[in-house]
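Our numbering runs 868 ahead of the 1-based position in the sequence shown. Just so it is clear, CB atoms sit at the ideal spot from N, CA and C, and this is done for glycine as well. One structure is given below, encoded as structure tokens.
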Amino acid sequence: MRKFLSIAAFVLPALVAAPAVAQDAPGRWQVKVLGTAVLPDGEIDSVELDTVGLPATTQTEANDNVVPTLAIEYFFSPNLSLETICCVTQHDVDATAGLAGVELVSDAKLVPATLTVKYHFNPGGVSPYLGAGPTYFLFFDEEPGAATGALGITDQDLSNELGFALQAGIDIPVSRNFAVSFDAKRYFVGTTATFYAGNTAIIETEHKLDPWVLSAGVGVRF
């Protein structure tokens, strides 16, 4: 009996403490609300079709934008997670040379569907991370700029494209469930811009987008 009581005295505190340890473990899900600066390039890589005689020096750039972003992340382990982001960003494309000052694309909306696998260093504390994964750029509601009518353009399209993203950032905990987060992504992706007169393509250009996407915000773990 005395031996049984000795074993019980050792085992029972461990059993009582076990739920507390499990309760203290961080949850597998993390949701972040971020402010995000999207900084694309937009320059012309090549001209594939030109029936209107664009100046040989024609070059373009896309404008920057700042948007709210939602990031949803699932942790397979303290170090390894999978993250996707949700946002819509809007951009114009303007000529910087050749047709300098002419807005070629107006209010193109972009969903950068992105999935990254992330490795977290020092989980539970100030935790830097690295990530990488595929992205698919979905464009919609793009329109030709107002000044393109002089070129005979009546419609315009930006192609949806598959690309790749690299990611780096840091999560700084402020409590067991909340953290401040800073994140940077570099995308490697392009698009084909096609301009139409009626139903006939008259200009087609390949563009390098390759945006930097810089974010800061807060996250909750559950």
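| Query | Result |
| --- | --- |
| One question on the structure: do Val973 and Glu1011 come within less than 9 Å of each other, judged by their Cβ atoms? | yes |
| Distance, Cα to Cα, Ala1014 vs Asp918? | 19 Å |
| Is it the case that the Cβ atoms of Thr1003 and Val1057 are separated by a distance below 9 Å? | yes |
| Considering only DSSP beta bridges, list what Gly895 is partnered with. | Gly895 pairs with nothing; no bridge assigned. |
| Excluding the 5 residues flanking Lys1076 on each side, which residues of the same chain have their C-beta closer than 6 Å to its C-beta? | Asp909, Glu911, Asp913 and Gly1058 |
| Measuring alpha carbon to alpha carbon, tell me which of Gly921, Asp932, Asp960 and Val899 ends up nearest Glu941. | Val899 |
| My parser needs the beta strand (DSSP E) runs of 3 or more residues fully inside the segment 1023-1087; what are they? | 1023-1026, 1029-1041, 1046-1056, 1058-1065 and 1068-1076 |
| Helix or strand or just coil, what does DSSP make of Ala968? | coil |
| With a cut-off of 8 Å, do at least 3 Cβ pairs link the segment 984-998 to the segment 961-971? | no |
| Here's the rule: buried if 16 or more other CB atoms are within 10 angstroms of the residue's CB, otherwise exposed. What is Leu1090? | Here the sequence assigns Phe to residue 1090, which means Leu is not the residue at that position. Classification for Phe1090: exposed. |
| So the candidates are Ala968, Tyr1064, Leu1026 and Asp975; which of them puts its Cα closest to the Cα of Ala924? | Ala968 |
| Could you spell out the range, first to last residue, of the beta strand (DSSP E) harbouring Phe1090? | That residue, Phe1090, is in no beta strand (DSSP E); it is neither H nor E in DSSP. |
| When burial is assigned at 16 or more other CB atoms within 10 Å of the CB, is Ser945 buried or exposed? | exposed |
| Is the separation between the beta-carbon of Asp1051 and that of Ser1083 shorter than 9 Å? | yes |
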